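Colleague: Next up is a structure, given as structure tokens.
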Amino acid sequence: MPNTSIPTTLQLYGFSPNKGASVFFALAFGLLTTVLLIVLFKATQQYTSAAAEKVSAVRIFSKLHLCLIYLPLIIGCLFEVIAFICRCVSIYSYNNLDAFIGGRVCILMGPSLFMTTMYIIFSRLLELIGLDQHYLFSHDVNRRVFIMGNIAGSILQGVGGGLSSSYDTYHTGKALLIAGLFVQIGIFAVFVLREWLMFRVVHGDATSVANATNKWKQLNAVLLASGALIMIRSIVRLVEVFEGTRSAILLHEWYSYVFDTLPMVLLVALYIVSSLNCSMFHVQREIVHFLSQEGYV
727 MPNTSIPTTL
737 QLYGFSPNKG
747 ASVFFALAFG
757 LLTTVLLIVL
767 FKATQQYTSA
777 AAEKVSAVRI
787 FSKLHLCLIY
797 LPLIIGCLFE
807 VIAFICRCVS
817 IYSYNNLDAF
827 IGGRVCILMG
837 PSLFMTTMYI
847 IFSRLLELIG
857 LDQHYLFSHD
867 VNRRVFIMGN
877 IAGSILQGVG
887 GGLSSSYDTY
897 HTGKALLIAG
907 LFVQIGIFAV
917 FVLREWLMFR
927 VVHGDATSVA
937 NATNKWKQLN
947 AVLLASGALI
957 MIRSIVRLVE
967 VFEGTRSAIL
977 LHEWYSYVFD
987 TLPMVLLVAL
997 YIVSSLNCSM
1007 FHVQREIVHF
1017 LSQEGYV
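Using my numbering, read the sequence shown as starting at 727 and increasing by one per residue.
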């Protein structure tokens, strides 16, 4: 009689995972994380403390504050690296259930951290261009709603991903996963509403800072594009969880790479490219320069 106490990779994943793809994406996310750190470090050189101290028309952020904005993005990249390292370990040592569960949880947590940076950037952009006062709630309340809601969604997905890896707690994990994904999608819907309000205020009120500067618009386009990539991933994940263990998405590996992994690769690459020209450091520098030229000191 064969030993059935140790699960095979087919039993764990529902398919025979491609070892080469797992190694490739572990290396790819590792490389992207390294490049992102280098690009962000170079972006910090755009910070000019002397000029910023003279401006009082809008809130100006310290270099440390601007660096911390990108911390969730960097941690999310590390989660993606860890996820695929765990997947490689799980494939090559398929009796290692901890590696399987760790990879499953980390791959769910990464996109939520990406969204956290996205929401913080949007909130800070509103303050820099002087539009935060046009909303029903203060920027602090809005930021907390976004971040706390996103954290709640992340925790639900992480715990749900771990529990759903076990047969005994599968249904509980599935419910938590669905709840976490709905929270994430709901928070993004509110974000899109705020985007619509922002464009309406900018075009209707014609504020000088918002219309005279461009880098914040470029960075805001990055936020919308990255949010769309995460929503593609979240909706596919939601369909997968609703369909259960016999889901076509769950039983065919290419779905996860095309609709989950690849969008996250594109998202990180998007932030790398955009940070060369329109990071938060570039945005604040341009706004400070404009306000100094206009005499807003």
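In this text, a Cβ means the ideal position worked out from N, Cα and C, and glycines have one as well. Quantities reported herein were computed from a predicted structural model and do not represent experimental measurements.
Buried or exposed, going by whether 16 or more other CB atoms sit within 10 Å of the CB of Gly828?
Modeller: Buried.
Colleague: Quick check: the Cα distance between Val991 and Glu966, rounded to an integer number of angstroms?
Modeller: Answer to the nearest angstrom: the Cα atoms are 20 Å apart.
Colleague: Using beta-carbon positions only, say whether Gly906 and Leu882 come within less than 8 Å of one another.
Modeller: Against a cut-off of 8 Å, the Cβ pair of Leu882 and Gly906 comes out as a contact.
Colleague: Of the choices Ile786, Leu797 and Tyr796, whose alpha-carbon is the least far from that of Glu853?
Modeller: That would be Ile786, whose Cα lies nearest to the Cα of Glu853.
Colleague: Relative to the C-alpha of Ala915, which candidate in Phe872, Leu766, Leu753 and Trp942 has its C-alpha closest?
Modeller: Selected option, being the one with the closest Cα: Phe872.
Colleague: To the nearest angstrom, report how far apart Val774 and Arg1011 are at their CA atoms.
Modeller: According to the sequence provided, residue 774 is Thr. The question's Val does not apply to it. Cα-Cα distance, rounded: 7 Å.
Colleague: Under a three-way DSSP split, which group does Cys1004 fall into?
Modeller: Coil.
Colleague: Determine, using beta carbons only, whether Lys941 and Val831 come nearer to each other than 8 Å.
Modeller: No, the pair does not count as a contact, with Cβ atoms beyond the cut-off.
Colleague: Which two residues bound the contiguous alpha helix (DSSP H) that contains Thr759?
Modeller: Counting along the chain, the alpha helix (DSSP H) containing Thr759 begins and ends at Lys745 to Ala769.
Colleague: Going by the beta-carbon positions, is the gap between Leu834 and Gly884 smaller than 8 Å?
Modeller: Contact: yes.
Colleague: Helix, strand or coil: how does DSSP classify Arg830 here?
Modeller: Arg830 falls in the helix class under three-state DSSP.
Colleague: In its own chain, which residues sit with a C-beta less than 6 Å from the C-beta of Leu964, not counting the 5 before and 5 after it?
Modeller: Correct list, in chain order: Leu907.
Colleague: Taking 8 Å as the threshold (C-beta atoms), are Pro798 and Thr842 in contact?
Modeller: The answer is yes: Cβ separation under 8 Å.
Colleague: Assuming Ile958 contacts Phe917 under a Cβ cut-off of 8 Å, what Cβ separation, rounded to an integer in Å, is found between them?
Modeller: Contact doesn't hold; Cβ gap of about 15 Å is too wide.
Colleague: Work out the CA separation of Val994 and Thr764 for me, nearest whole Å.
Modeller: Position check: residue 764 holds Ile in this sequence, whereas Thr was assumed. Looking at the two C-alpha atoms, the distance is approximately 13 Å.
Colleague: For my contact list, Leu790 and Ser1005 are in at a C-beta cut-off of 8 Å; report their separation, rounded to the angstrom.
Modeller: With a Cβ gap of about 15 Å, Leu790 and Ser1005 do not count as contacting.
Colleague: Any idea what DSSP makes of Gly875, helix, strand or coil?
Modeller: Gly875 falls in the helix class under three-state DSSP.
Colleague: Since Ser748 contacts Cys803 with CB under 8 Å, what's their CB separation in whole angstroms?
Modeller: That pair is no contact at about 17 Å.
Colleague: Nearest by alpha-carbon distance to Asp824: which of Val909, Leu976 and Leu889 is it?
Modeller: Considering only alpha carbons, the answer is Leu889.
Colleague: Could you check what DSSP says for Tyr845 in three-state terms: helix, strand or coil?
Modeller: Looking at Tyr845 - three-state DSSP - the assignment turns out to be helix.
Colleague: For Ser960, collect the residues of the same chain with a Cβ closer than 6 Å to its Cβ; drop the 5 residues on either side in sequence, then sort them by chain order.
Modeller: The residues are Leu907, Gln910 and Ile911.
Colleague: Considering only residues of the same chain and omitting the five flanking positions on each side of Ile904, which have a CB-CB separation below 6 Å?
Modeller: Result list for Ile904: Val967, in chain order.
Colleague: Would you report the Cα separation of Leu757 and Ile956, rounded to the nearest angstrom?
Modeller: Cα to Cα, the separation comes out at about 21 Å.
Colleague: To the nearest angstrom, how far is it from the Cα of Ala936 to the Cα of Ile855?
Modeller: In a straight line, the C-alpha of Ala936 is about 5 Å away from that of Ile855.
Colleague: Along the chain, where does the alpha helix (DSSP H) containing Gln944 start, and where does it finish?
Modeller: Where Gln944 is concerned, the enclosing alpha helix (DSSP H) stretches over Lys941 to Glu969.
Colleague: Less than 8 Å between the beta carbons of Phe848 and Thr939, yes or no?
Modeller: No, they are not a contact pair.
Colleague: Does the beta carbon of Lys789 come closer than 8 Å to any beta carbon on chain C?
Modeller: Judged by its chain identifiers, the structure shown contains no chain C, having just a single protein chain.
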